[in-house]
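Taking it in order: structure first as structure tokens, then the write-up.
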Amino acid sequence: EEALLPAPQNISILSTNMKHFLTWSPVTNQGETVRYSVEFQGEYERVYANGSWIPISECSLITATVCNITEDISATVAYNLRVRAALGARRSEWGTLKGFFNRNTTSLTPPVMKVIADGYHLLVELEDMGPAFQFRVRYWRKGKERRMQQKVVKEVSSVVHLDTMEARAEYCVKAQSYVEAINRSSSFSQTQCVRAQGDTSMWL
Amino acid sequence: TAGNKILHFGACRVSMSMTEIRAGFTAIKANIQARDPIRTLSILSYPHSLHKVNASDRCCITRHLFDFYVDKVFKHCKTEDSYVNRKISSIANSFLSTKRKLGQCHEQNQCVCGQESTEKFKQILANYEGLNVTSAAMKSLGELDILLDWME
């Protein structure tokens, strides 16, 4: 009788900035191509739908050992995840993620940011991190940290106007990302400082 | 952004990922409504629209409706279509998350039920139980935008 296919091991989640991936170690079998299928179970399924599991069609009989589960982890509740191997008609047992996964544990990074001095205008360009993200941008005139100001950016447009600067003064900016759905923020980015243009007197 | 909505019912404040729920529903709305042959009946809007509910009763009727969808509706909406099932799961788990928060408000007496919401919800249950369970569940799911519009 053919040996049972071993269940996938080392099943884990990689979750950064609300993008969630399930990964596992490959199952080897004399060099043959092993395929994998992934299923998920939200708290609703566990509590109200007899513990039913839902297949992720994009990760059905795949050869990769990673599955993007972002679209299915779309509520802030505890999810179970499992994966099994397949070789021809043979199926392994399910390997299940140890513990639950809740998207509120995703790791959040500060946004990539570019600060621009456009004449006397202090502008900032922010990375588009996806629809779940807002940003808190703090800015101040160098040396006057106590008069720091803050702007909340809900929609990432191309450039955000922060302030009008005084001639030749230096201004500094830092930003953090915020996800309302899980009510968490990243740390602040590195501070970036720029200098406003000098005076260009009208009566030269 | 992901359009979290903060529901304000007096002291009760509940945040809910409205945009995610709407996106999930919009993706399957046509499929679900096509499974509802009875076009002349409504679960949520018969005989009166939700819009007629008093402001003071809004929290209670909202809580009842989230309980209704989580406890009664979603489990009877399984389809042969894996994509539709995944979207229903997404909505159901978001509803579960919000249902819990509304339940906490209720426990803290911030979501009191008046006569009107009790009557209105009884009517909704009567509409629901007037059909066979699968038809009633599919019709209720197909009317989700009525609930979401009213909440917004």
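These protein sequences, in sequence, are chains P and Z. Its first residue numbered 17, the first sequence is counted upward by one per residue in the working numbering. Its first residue numbered 724, the second sequence is counted upward by one per residue in the working numbering. For each residue, glycine too, the CB sits at the ideal point set by N, CA and C. This structure is a prediction, so every number in the text was calculated from the model and none was measured.
Bounding residues of the alpha helix (DSSP H) (the contiguous stretch that carries Phe-789 (chain Z))
As a position in the second sequence, residue 789 (chain Z) is number 66, starting the count at 1. Per DSSP, Phe-789 (chain Z) belongs to the alpha helix (DSSP H) from 781-791.
Go ahead and pull the three-state DSSP assignment for His-36 (chain P).
As a position in the first sequence, residue 36 (chain P) is number 20, starting the count at 1. It is a strand residue.
Along chain Z, in chain order, which residues have C-beta atoms closer than 8 Å to that of Asp-88 (chain P)?
Here residue 88 (chain P) corresponds to residue number 72 of the first sequence, with the count starting at 1. Residues of chain Z passing the Cβ test: Arg-809, Ser-812, Ser-813.
Among the candidates P:His-137, P:Arg-157, P:Asn-199, whose CA atom is the shortest distance from the CA of Gln-165 (chain P)?
Position 149 of the first sequence, counted from the start, is the residue given in the question as residue 165 (chain P). The option with the nearest alpha carbon to Gln-165 (chain P) is P:Arg-157.
Determine the direct distance from the alpha carbon of Ser-28 (chain P) to that of Lys-114 (chain P), and round the result to whole angstroms.
Your numbering for residue 114 (chain P) matches position 98 in the first sequence. Your numbering for residue 28 (chain P) matches position 12 in the first sequence. About 8 Å.
Select from the segment 790-801 of chain Z all residues with a C-beta closer than 9 Å to any C-beta belonging to chain P, and list them in chain order.
Val-793, Asp-794, Phe-797, Lys-798, Lys-801
Are the CB atoms of Leu-139 (chain P) and Val-176 (chain P) within a distance shorter than 8 Å?
As a working note, residue 176 (chain P) is residue 160 in the first sequence. As a working note, residue 139 (chain P) is residue 123 in the first sequence. In contact: Val-176 (chain P) and Leu-139 (chain P) (Cβ atoms closer than 8 Å).
Looking only at C-alpha atoms, which of Z:Arg-809, Z:Arg-762, Z:Lys-795, Z:Cys-836 sits nearest to Glu-852 (chain Z)?
What you label residue 852 (chain Z) is simply residue 129 of the second sequence in a count that begins at 1. Closest option to Glu-852 (chain Z), Cα to Cα, is Z:Lys-795.
Using a Cβ-Cβ distance cut-off of 8 Å, determine whether Tyr-52 (chain P) contacts chain Z.
Here residue 52 (chain P) refers to the residue found at position 36 of the first sequence. No - not a single Cβ of chain Z is within 8 Å of the one on Tyr-52 (chain P).
Would you mind giving the Cβ-Cβ distance between Trp-69 (chain P) and Glu-55 (chain P), rounded to the nearest angstrom? I have them listed as a contact below 8 Å.
One-based indexing of the first sequence puts residue 69 (chain P) at position 53. One-based indexing of the first sequence puts residue 55 (chain P) at position 39. Right, their Cβ atoms sit about 4 Å apart.
Among P:Ala-197, P:Ala-23, P:Arg-211, the one whose alpha carbon lies nearest that of Glu-109 (chain P):
Looking up residue 109 (chain P) in the first sequence gives position 93. Out of P:Ala-197, P:Ala-23, P:Arg-211, P:Ala-23 has the C-alpha closest to the C-alpha of Glu-109 (chain P).
Cβ contact (3+ pairs, closer than 8 Å) linking the segment 778-792 of chain Z and the segment 815-828 of chain Z
yes
Determine whether the Cβ of Asn-754 (chain Z) lies closer than 8 Å to any Cβ atom of chain P.
Taking the first residue of the second sequence as 1, we reach residue 754 (chain Z) at position 31. Taking Cβ atoms only, chain P never reaches closer than 8 Å to Asn-754 (chain Z), which makes this a no.
Could you tell me which uninterrupted beta strand (DSSP E) segments, each at least 3 residues in length, are contained entirely in the segment 191-215 of chain P, listed from first to last along the chain?
208-211
Can you check whether the C-beta of Gly-747 (chain Z) is within less than 8 Å of a C-beta belonging to chain P?
Position 24 of the second sequence holds residue 747 (chain Z). Yes, because at least one Cβ of chain P sits closer than 8 Å to the Cβ of Gly-747 (chain Z).
Does the CB of Arg-736 (chain Z) have a neighbour CB from chain P at under 8 Å?
Within the second sequence, numbered from 1, the residue matching residue 736 (chain Z) stands at position 13. No, because no Cβ of chain P sits closer than 8 Å to the Cβ of Arg-736 (chain Z).
Residues in the segment 47-78 of chain P having any Cβ partner in chain Z nearer than 7 Å
Gly-58, Glu-59, Tyr-60, Glu-61, Tyr-64, Ala-65, Ile-70, Pro-71, Ser-73
Amino acids of chain Z, ordered along the chain, whose beta-carbon sits closer than 9 Å to that of Thr-92 (chain P):
Looking up residue 92 (chain P) in the first sequence gives position 76. Correct list: Ser-740, Asn-816, Ser-817, Ser-820.
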